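**Student:**
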Amino acid sequence: MTEQTKVVVIGGGIVGCSVLYGLAKRGVTDAVLLERRQLTSGSTWHAAGNTTYFGPYPAMTRLFTGSIKTYLEAEALSGQSVGFHQTGSLRLATSAAELEAYRGLEALYDELGIPYHVISPEEVAAIYPLLNLEGVHGAAHTPTDGHVDASGATYALAKAARQLGATIRTNSPVTGIERAGAGWRVHLEGGTIEAEHVVLAASFWARELAQQIGLDLPLYALQHHEVITGPVKDLQGLTEELPTVRDPRAPANIRQERDGFLCGVYEQNPKFWATEGIPKDFTEELLPPELDRLMPEMERVIERLPCFGDAGIKTVNNGPICYTPDGLPLLGPVAGHDGMWLASGFTVGIGTGGGAGDYLAHWIATGAPEFELSMTSPARFPKTMPRDEVLNRIKSAYEAGYSLK
């Protein structure tokens, strides 16, 4: 049996559901999302859910700011809570050059209407008295961002898209993709769907799906650790949740998680995962933790936040995270393959997923992007790259952590 639709979105994580919702709210309801298992099954389910307004490049900032807006919009429409905690964020400046670069972004945030302040070490101490500010020149403070529940945000987008008329099919693995006239034919175990547009939003599965149509995407997964502490005495009695801290020196992000801390670490000796292909039986799994690799970075985290070291580690999560050679997503049309779109390679999936999905949906629905974002174009990489070069560049991008680009 062959069905017809306008758009097929492959992948039911935060990005795929954002694309589907963005299409549906623009009236493109002849759209089907296909998920091999359940929504959030890839890397979304174990994501920390951080939603900062501070992007690695000024041009990317609209994806960050658009994400929170999109999640809250979907929450209002669907009634499904996204669990947004408006804690604000502090991005520390560990050099005079970083602080000056933060100041250079003030006009951009003013234009976007986003509260943004470059503050002194004394002001940082007033906001976050638990920090050791040795070597800190100041910080960029975005008081109205924070974090969401990653699964809650995904389900809000999915529910809103369904309410608007789009379709979602779970437990529907794609078995093949091929050109069909001016469009595409997507094969499933129980039939086929022909569509004008196909969006690959399948995270680390996108590479293997793209190989079926002759694309060699420079896209691989790295192992990424999150460390969750036990209860922290210094957090008891606080009337407000502390802001998320991003420390370029560690490099790591640290946020309050109930009565403890959650810390995402970008270690300087990362390990790849499944470079020879994703295991066929891989489901909603975490990888064995390797805490020893993280110790140099964890020591810097403890230097910055001494009470972190007193709390004791409760949980260590190690999950795959998708990367490209420059750490930026593949977002946009595929040259020479009309109707094929990429929305994969998100290193900050929750932080940019809502804005990225809305950006791509606008492009598909109207035929033109809402704003120029050439740095995420899939065409920025050669059609083929030596694998060793791709892996080395991905490793360098990951190790860079929160350094300025």
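Sequential numbering of the sequence shown, starting at 20, is according to the numbering used here. Glycine included, each C-beta is placed from N, C-alpha and C at the ideal position. The model shown is predicted, which means the values in this text are computed figures rather than measured ones.
One question on the structure: do G165 and P267 come within less than 9 Å of each other, judged by their Cβ atoms?
**Tutor:** The residue given as residue 165 occupies position 146 in the sequence shown. The residue given as residue 267 occupies position 248 in the sequence shown. For G165 and P267, no; Cβs fall outside 9 Å.
**Student:** With DSSP run on the structure shown, which of helix, strand or coil describes F18?
**Tutor:** Outside the shown range of the chain, which is 20 to 424, sits residue 18, and nothing can be said about it.
**Student:** Assign A240 to one of three DSSP states: helix, strand, or coil.
**Tutor:** For the purposes of this step, residue 240 is taken as residue 221 along the sequence shown, with counting starting at 1. A240: strand per DSSP, three-state reduction.
**Student:** Thinking C-beta only, is E213 closer than 9 Å to H65?
**Tutor:** As a first step, residue 65 is located in the sequence shown; it is residue number 46 there, counting from the start. As a first step, residue 213 is located in the sequence shown; it is residue number 194 there, counting from the start. Going by C-beta atoms, H65 is not nearer than 9 Å to E213.
**Student:** So which of E322, D345, R226 has the shortest CA-CA distance to G296?
**Tutor:** Walking along the sequence shown from the start, residue 296 turns up at place 277. Checking every option, the nearest Cα to that of G296 belongs to R226.
**Student:** Could you pull out every residue in the same chain whose Cβ sits closer than 7 Å to the Cβ of G338, ignoring the five residues on either side in sequence?
**Tutor:** On the sequence shown, position 319 is the one that residue 338 refers to. Only S62, H65, H243, L305, L306 meet the Cβ criterion.
**Student:** Would you say the stretch 65-74 touches the stretch 343-357, given that touching needs at least three Cβ pairs under 8 Å?
**Tutor:** No: fewer than three Cβ pairs fall under 8 Å.
**Student:** Reducing DSSP to helix, strand and coil, say where Q230 ends up.
**Tutor:** Residue 230 sits at position 211 when you count from the first residue of the sequence shown. It is helical.
**Student:** Considering only C-alpha positions, which residue in the set E117, A116, Y90 is nearest to Q105?
**Tutor:** Working through the sequence shown from its first residue, we reach residue 105 at position 86. Nearest C-alpha to Q105: Y90.
**Student:** Mind the definition here: the stretch 374-393 touches the stretch 22-41 only if three or more C-beta pairs lie below 8 Å; say whether that holds.
**Tutor:** Result yes; three or more Cβ-Cβ pairs closer than 8 Å.
**Student:** For L149, I'd like the list of residues in its chain whose CB is within less than 7 Å of its CB, leaving aside the five on either flank, ordered along the chain.
**Tutor:** Locating residue 149 in the sequence shown gives position 130, where the first residue counts as 1. D253, L324, C326.
**Student:** DSSP three-state label for N288, please.
**Tutor:** Position 269 of the sequence shown, counted from the first residue, corresponds to residue 288. Coil.
**Student:** Would a C-beta distance cut-off of 9 Å place V27 and L53 closer than the cut-off?
**Tutor:** On the sequence shown, residue 27 is found 8 positions in, with the first residue counted as 1. On the sequence shown, residue 53 is found 34 positions in, with the first residue counted as 1. Yes.
**Student:** Leaving aside the five residues before and after S97 along the sequence, list all residues of the same chain whose C-beta is less than 6 Å from its C-beta, in chain order.
**Tutor:** In the sequence shown, residue 97 corresponds to position 78, counting from 1. Here the set comprises A175, K178, A179.
**Student:** Distance check for N411 and E259, CA to CA, integer angstroms please.
**Tutor:** As a first step, residue 259 must be located in the sequence shown, where it is residue number 240. As a first step, residue 411 must be located in the sequence shown, where it is residue number 392. Distance between the alpha carbons of E259 and N411 is about 42 Å.
**Student:** When you compare only the Cα positions, how much space is there between R122 and L313?
**Tutor:** Walking along the sequence shown from the start, residue 122 turns up at place 103. Walking along the sequence shown from the start, residue 313 turns up at place 294. Near 32 Å, if we compare the C-alpha coordinates of L313 and R122.
**Student:** Is it the case that the stretch 70-90 contacts the stretch 226-237, given that we only count it when at least three CB pairs across the two stretches are under 8 Å?
**Tutor:** Contact fails: fewer than three Cβ-Cβ distances are below 8 Å.
**Student:** What is the DSSP secondary structure of D345, reduced to helix, strand or coil?
**Tutor:** Your numbering for residue 345 matches position 326 in the sequence shown. Correct three-state label for D345: coil.
**Student:** In the DSSP assignment, find the alpha helix (DSSP H) that holds V38 and state where it starts and stops.
**Tutor:** Within the sequence shown, residue 38 is the residue found at index 19, counting from 1. Run containing V38: 33-44, per the alpha helix (DSSP H) assignment.
**Student:** Taking 6 Å as the limit between beta carbons, can you name the residues of its chain near V284, skipping five residues before and five after?
**Tutor:** Within the sequence shown, numbered from 1, the residue matching residue 284 stands at position 265. The residues are H244, A271, L313, E316.
**Student:** Does DSSP put I190 in a helix, a strand or coil?
**Tutor:** In the sequence shown, the residue the question calls residue 190 occupies position 171. The sequence shown places Asn at residue 190, not Ile. It is coil, neither helix nor strand.
**Student:** Can you tell me whether F390 is buried or exposed, with buried defined as 16 or more other CB within 10 angstroms of its CB?
**Tutor:** The residue you call residue 390 lines up with position 371 of the sequence shown. Exposed.
**Student:** Assuming the contact rule is C-beta atoms closer than 8 Å, G368 and G32 should be a hit. Round their C-beta distance to whole Å, please.
**Tutor:** In the sequence shown, the residue the question calls residue 368 occupies position 349. In the sequence shown, the residue the question calls residue 32 occupies position 13. At roughly 7 Å, the Cβ-Cβ gap stays under 8 Å, so G368 and G32 are in contact.
**Student:** What's the call for Q275, buried or exposed, on a 16-neighbour Cβ count within 10 Å?
**Tutor:** Numbered from 1 along the sequence shown, position 256 holds the residue referred to as residue 275. It counts as buried.
**Student:** Do you know whose CA, among T48, C36, S37, lies nearest Q2's CA?
**Tutor:** For residue 2 there is no data in the structure shown, the boundaries of the chain being 20 and 424.
**Student:** Assign A398 to buried or exposed, taking buried as 16 or more other Cβ atoms, counted over all protein chains shown, within 10 Å of its Cβ.
**Tutor:** Taking the first residue of the sequence shown as position 1, residue 398 is located at position 379. With fewer than 16 Cβ atoms within 10 Å of its Cβ, A398 is classed as exposed.
**Student:** Please classify Q182: does DSSP put it in a helix, a strand, or coil?
**Tutor:** Taking the sequence shown and counting its residues from 1, one reaches residue 182 at position 163. In the structure shown, Q182 sits in a helix (DSSP, three-state: H, G or I).
**Student:** Pull up the distance between the alpha-carbon of G370 and that of E142, whole angstroms please.
**Tutor:** Within the sequence shown, the letter at position 351 stands for residue 370. Within the sequence shown, the letter at position 123 stands for residue 142. Answer to the nearest angstrom: the Cα atoms are 26 Å apart.
**Student:** Report the option in A169, E117, G355 whose CA atom is closest to the CA atom of S139.
**Tutor:** Mapped onto the sequence shown, residue 139 falls at position 120. Of A169, E117, G355, the residue nearest in Cα terms is E117.
**Student:** Reducing DSSP to helix, strand and coil, say where M394 ends up.
**Tutor:** Start at 1 with the first residue of the sequence shown, and residue 394 comes out as number 375. M394: helix per DSSP, three-state reduction.
**Student:** Could you tell me which residues DSSP puts in a beta bridge with I138?
**Tutor:** Locating residue 138 in the sequence shown gives position 119, counting from the first residue. Its beta-bridge partners are A158.
**Student:** Am I right that S363 and A220 are in contact with their C-beta atoms under 8 Å? What's the rounded C-beta distance?
**Tutor:** Counting from one through the sequence shown, the residue named residue 363 turns up at place 344. Counting from one through the sequence shown, the residue named residue 220 turns up at place 201. That belief holds up - the Cβ atoms of S363 and A220 are roughly 6 Å apart, short of 8 Å.
**Student:** With G107 and P162 assumed to form a contact (beta carbons below 8 Å), what rounded beta-carbon distance in angstroms separates them?
**Tutor:** Stepping through the sequence shown from its first residue, residue 107 is reached at position 88. Stepping through the sequence shown from its first residue, residue 162 is reached at position 143. Contact flag correct, Cβ pair sits at about 4 Å.
**Student:** In angstroms, rounded to a whole number, what distance separates the CA positions of I340 and W292?
**Tutor:** To locate residue 340, count along the sequence shown from 1; it is residue 321. To locate residue 292, count along the sequence shown from 1; it is residue 273. Cα-Cα distance, rounded: 9 Å.
**Student:** Could you tell me the distance, in whole angstroms, from the CA atom of S60 to the CA atom of V217?
**Tutor:** The sequence position of residue 60 within the sequence shown is 41, counting from 1. The sequence position of residue 217 within the sequence shown is 198, counting from 1. Cα-Cα distance, rounded: 20 Å.
**Student:** If we cut at 9 Å on Cβ distances, does L127 have a partner in chain C?
**Tutor:** You won't find chain C in this structure, because it holds only one protein chain.
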